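> Below are the structure tokens for one structure; questions will follow.
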Amino acid sequence: MCGIVGYTGKESALSPVLEGLRRLEYRGYDSAGIALTVTQGAPLWVAKRAGKLGNLESTLDVVPESHSGIGHTRWATHGGPTDSNAHPHLDNEGKLALIHNGIIENYVELRAKLEARGHTFISETDTESVVHLLSDARKAHAGDLAAAMREVCKELRGSFTLLAIHSDEPGRIVGARRNSPLVVGVGDGENFLASDVSAFISHTKRALELGQNEVVDMNASAIIITDLDGNVLPHKEYEISWDAAAAERGGYDHFMLKEIYEQPKAVADTLIGRTEGLDPEITAGIDFNAIDKVVIIACGTAFHAGLVGKYAIEKWADISVDVELASEYRYREPNVTSKTLVIPISQSGETMDTLMALRYAKEHGAKIFSVCNTNGSTIPRESDAVLYTHAGPEIAVASTKAFLTQLIAMYLIALHMGTERKKLSASEHALLADEISSLPSKVEQVLETVEPLRELTRKFKDATSMLFLGRHVGFPAALEGALKLKELAYMHAEGFAGGELKHGPIALIDQGTPVIAIMPSVGSLLHEKMASNVQEVKARGAIIIAIGDADLASADYKVRIPSTHEFLSPVLSVVPLQVIAYEMAIARGNDVDQPRNLAKSVTVE
Ligand code: M6R
26 MCGIVGYTGK ESALSPVLEG LRRLEYRGYD SAGIALTVTQ GAPLWVAKRA GKLGNLESTL
86 DVVPESHSGI GHTRWATHGG PTDSNAHPHL DNEGKLALIH NGIIENYVEL RAKLEARGHT
146 FISETDTESV VHLLSDARKA HAGDLAAAMR EVCKELRGSF TLLAIHSDEP GRIVGARRNS
206 PLVVGVGDGE NFLASDVSAF ISHTKRALEL GQNEVVDMNA SAIIITDLDG NVLPHKEYEI
266 SWDAAAAERG GYDHFMLKEI YEQPKAVADT LIGRTEGLDP EITAGIDFNA IDKVVIIACG
326 TAFHAGLVGK YAIEKWADIS VDVELASEYR YREPNVTSKT LVIPISQSGE TMDTLMALRY
386 AKEHGAKIFS VCNTNGSTIP RESDAVLYTH AGPEIAVAST KAFLTQLIAM YLIALHMGTE
446 RKKLSASEHA LLADEISSLP SKVEQVLETV EPLRELTRKF KDATSMLFLG RHVGFPAALE
506 GALKLKELAY MHAEGFAGGE LKHGPIALID QGTPVIAIMP SVGSLLHEKM ASNVQEVKAR
566 GAIIIAIGDA DLASADYKVR IPSTHEFLSP VLSVVPLQVI AYEMAIARGN DVDQPRNLAK
626 SVTVE
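Number 296 in the numbering used here belongs to position 271 of the sequence shown; there are no gaps in the numbering.
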């Protein structure tokens, strides 16, 4: 939540800062702001506006020349999305500017203390306390902004990425992080700081990881990283494996549509070299025969991938699996031992709920094997082992290609565990691996047939509610379809297990209620059961849209997908659901890539 960018170098700073904000806007879009150092010792140049980045950009007619600056795009936590609550926040002299991502938990007491010392506040944010604190600390440290930042970080409770500039030292940017992302981009005569690498990918592919409670002090030619005691730390450099084009729309109307169509490649890339077993380098440190339980922790879409993973791991590796909402997990103090394998799933690798659940499990002795799409992010860094998905950058807030690759990661882990634990024979493994390997082309086939869904979706544009039914792995697919529709179409949508309807939810069915039924393959026991559940809702007036590998006679509308192994079917059945949600957003005039109230990366609890 919130996108943060900093630039220092030879270019006019406005351009790379704005470019970074455009690329990071998916992280939050309630307001945006920029601060630039212009004249040494004079107040900073600052512009900030409520609303999307475009509002700010429309005010930027005359901007003074500057070679260093910071920018922020906000997802509001403390204080509404107003001009005065927008970042950057300034000290009372207007010479020190600060941007922040996260939550300062002790801001109330800090604010009271600072007001008593004579500081004047103009916003309702938690962040403004930090800029005043930093201002005092800088004076106490003879103008050393990095030393001041280290001292301030020790006083803060909560999570933060902070970037600060002071007009006495144009060209210097100081940043810090705790439980919130910040990466350094290393350029040639220029350096960058950002919430993620997409902000500076068109300038450099060299990035440095920043660890917990680390402070970075940079100018155009030098980067110093320290801990909070000022000890200098080595740089952990890595190369970004994708390029700027991957983070652009590339001719599509929306990032979401582009990402839907990138799914065959994302699935194929995630599979490369892994179907026969996972590389020992990936699984080093995990003994799959020494565990007695698997716990999958995740949020939102990633949670739904975990639910599918449970079916595959329990069946193929013969071990019991719990799937837990990360935000609930640690608060019930679950039983965790050194024999528990915890699998956090996260596209961003920064989701605070998932990170906190991971830490709880780790503190209680569990081994952590994460599934993540973002190199160098916090969740993989704190894990014993990581299986990276290769979806590439996912910019649209609604997750699509990341979900499909998370499903693939689940199958790969289940296969690997099954073989390691001698629960799958070589021939069973080979058969499953073959079927998994055919998924990229089957996803491609689904995408070739989704066109009629556009018109179909428009028929239900004014519906007040849509229900999704599934059984077995079709149930998590139904949950995912409903989540997509909620976040994009802003309409009531719920996923149900087909057999559960008669226990209450069937009362929701009215004349004309659209119901999407995810049908198990013909011939399976569950196909018949599901067909009966469909009849039950149809008899009460529902309009049925059936998704399956055969036509369901009782359906009003039929969406055909290729046949596959039952456990793998969500990889195919979810694609039409994504398209329906996308089309519904368009039909209802909603913002597809930046739905209201949401942010891509949820870095607060
Ligand atoms: O980055 P993560 O995978 O940890 O994010 C988890 C959820 O916030 C995310 O999947 C969210 O539910 C999506 N916006 C849904 O489309």
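Think of the CB as a built atom: it goes at the ideal place given N, C-alpha and C, for glycine as much as any other residue.
Everything numeric in this text was worked out from a predicted model, so none of it was measured.
Is the closest heavy atom of the ligand PLP to the C-beta of C27 under 7 angstroms?
Inclusion of the ligand PLP in the displayed structure is not the case, the ligand content consisting of the ligand M6R alone.
> If you measure from the CB of V181, is any heavy atom of the ligand M6R nearer than 7 angstroms?
For the purposes of this step, residue 181 is taken as the residue at position 156 of the sequence shown. As written in the sequence, residue 181 is Leu, which differs from the Val given in the question. No; taking the cut-off as 7 angstroms, the Cβ of L181 has no heavy atom of the ligand M6R nearer than that.
> Would you mind stating whether L226 and A272 have Cβ atoms separated by less than 8 angstroms?
One-based indexing of the sequence shown puts residue 226 at position 201. One-based indexing of the sequence shown puts residue 272 at position 247. At residue 226 the sequence reads Ile, which differs from the Leu that was named. Yes, these two residues count as a Cβ contact at 8 angstroms.
> Mark Q536 as exposed unless 16 or more other C-beta atoms lie within 10 angstroms of its C-beta, in which case mark it buried.
On the sequence shown, position 511 is the one that residue 536 refers to. Counting Cβ neighbours within 10 Å, Q536 comes out exposed, since fewer than 16 surround it.
> Any residues whose CB sits closer than 5 angstroms to a heavy atom of the ligand M6R? List them in chain order?
My final list is C324, G325, T326, A327, S371, Q372, S373, T376, A423, S424 and V627.
> Among R203, G566, G104 and V211, which has the Cα closest to the Cα of Y32?
If you number the sequence shown from 1, residue 32 lands on position 7. Checking every option, the nearest Cα to that of Y32 belongs to V211.
> Around the Cβ of L303, are there at least 16 other Cβ atoms within 10 angstroms (buried) or fewer (exposed)?
Stepping through the sequence shown from its first residue, residue 303 is reached at position 278. The residue is buried, with at least 16 neighbouring Cβ atoms inside 10 Å.
> Checking 8 angstroms against the spacing of the C-beta atoms, do V361 and A391 come in under that value?
For the purposes of this step, residue 361 is taken as residue 336 along the sequence shown, with counting starting at 1. For the purposes of this step, residue 391 is taken as residue 366 along the sequence shown, with counting starting at 1. Yes, the Cβ-Cβ distance between V361 and A391 is below 8 angstroms.
> My output table needs one value for F493: the three-state DSSP class, helix, strand or coil.
For this step, residue 493 is matched to residue 468 along the sequence shown. In the structure shown, F493 sits in a strand (DSSP, three-state: E or B).
> By DSSP, does P369 sit in helix, in strand, or in coil?
The sequence position of residue 369 within the sequence shown is 344, counting from 1. Three-state DSSP puts P369 in a strand.
> Mind listing, in chain order, the continuous beta strand (DSSP E) runs of no fewer than 3 residues lying wholly within the segment 175 to 215?
183 to 191, 198 to 203 and 208 to 211
> If you draw a straight line from the alpha carbon of I297 to that of F428, how long is it in whole angstroms?
By 1-based counting over the sequence shown, the position of residue 297 is 272. By 1-based counting over the sequence shown, the position of residue 428 is 403. Spanning the two alpha carbons is a distance of roughly 17 angstroms.
> Identify the continuous alpha helix (DSSP H) that holds K563 and give its terminal residues.
Position 538 of the sequence shown holds residue 563. L550 to K563 is the extent of the alpha helix (DSSP H) around K563.
> Looking at the secondary structure, which residues open and close the alpha helix (DSSP H) in which W341 lies?
Position 316 of the sequence shown holds residue 341. G325 to A342 is the extent of the alpha helix (DSSP H) around W341.
> Among A245, K335, V63 and L492, which residue has its Cα nearest to the Cα of D213?
Translated into positions along the sequence shown, residue 213 becomes position 188. Out of A245, K335, V63 and L492, A245 has the C-alpha closest to the C-alpha of D213.
> Of the residues C324, S83, G34 and G127, which one's Cα is nearest the Cα of S229?
For the purposes of this step, residue 229 is taken as the residue at position 204 of the sequence shown. The amino acid occupying residue 229 in the given sequence is Thr; Ser does not appear at that position. When only C-alpha atoms are compared, the closest one is G34.
> Measuring CB to CB, does T430 end up less than 8 angstroms from N398?
By one-based count along the sequence shown, residue 430 stands at place 405. By one-based count along the sequence shown, residue 398 stands at place 373. Against a cut-off of 8 angstroms, the Cβ pair of N398 and T430 comes out as a contact.
> Using only alpha-carbon positions, find the residue among V63, I190 and Y54 that is nearest to L121.
Working through the sequence shown from its first residue, we reach residue 121 at position 96. The residue with the shortest Cα to Cα distance from L121 is I190.
> Alpha carbon to alpha carbon, what distance is there between S402 and Q197?
In the sequence shown, residue 197 corresponds to position 172, counting from 1. In the sequence shown, residue 402 corresponds to position 377, counting from 1. The residue you asked about is not Gln; residue 197 is Arg in the sequence shown. Answer to the nearest angstrom: the Cα atoms are 25 angstroms apart.
> I'd like the list of long-range same chain contacts for Y277, defined as Cβ closer than 8 angstroms, with 5 residues on each side in sequence excluded.
Indexing the sequence shown from 1 puts residue 277 at position 252. Once the five neighbours on either side are set aside, the close Cβ partners of Y277 are K283 and Y286.
> Work out the CA separation of L481 and I569 for me, nearest whole Å.
The residue you call residue 569 lines up with position 544 of the sequence shown. The residue you call residue 481 lines up with position 456 of the sequence shown. Their backbone Cα atoms lie some 12 angstroms apart in a straight line.
> Which class does S466 belong to by DSSP, given the choice of helix, strand or coil?
Residue mapping note: residue 466 aligns to position 441 of the sequence shown, counting from 1. S466 falls in the helix class under three-state DSSP.
> Does the beta-carbon distance from P369 to S395 come in below 8 angstroms?
The residue given as residue 369 occupies position 344 in the sequence shown. The residue given as residue 395 occupies position 370 in the sequence shown. The answer is yes: Cβ separation under 8 angstroms.
> Quick check: the Cα distance between G524 and L494, rounded to an integer number of angstroms?
Position 499 of the sequence shown, counting from 1, holds the residue named residue 524. Position 469 of the sequence shown, counting from 1, holds the residue named residue 494. Roughly 9 angstroms separates the two Cα atoms.
> Terminal residues of the continuous beta strand (DSSP E) containing S363?
Taking the first residue of the sequence shown as position 1, residue 363 is located at position 338. S363 -> no beta strand (DSSP E), and no H or E assigned at all.
> Buried or exposed for A455, please, with buried defined as at least 16 other CB atoms from any protein chain shown within 10 angstroms of its CB.
By 1-based counting over the sequence shown, the position of residue 455 is 430. The residue is exposed, with fewer than 16 neighbouring Cβ atoms inside 10 Å.
> Can you check which of these residues, D378, V133 and V367, is closest to M435 by C-alpha distance?
Translated into positions along the sequence shown, residue 435 becomes position 410. Nearest of D378, V133 and V367 to M435, Cα basis: V367.
> Along the chain, where does the beta strand (DSSP E) containing F394 start, and where does it finish?
Counting from one through the sequence shown, the residue named residue 394 turns up at place 369. Here the beta strand (DSSP E) through F394 covers K392 to C397.
> Looking at the secondary structure, which residues open and close the beta strand (DSSP E) in which V540 lies?
Within the sequence shown, numbered from 1, the residue matching residue 540 stands at position 515. Note, V540: beta strand (DSSP E), P539 to I543.
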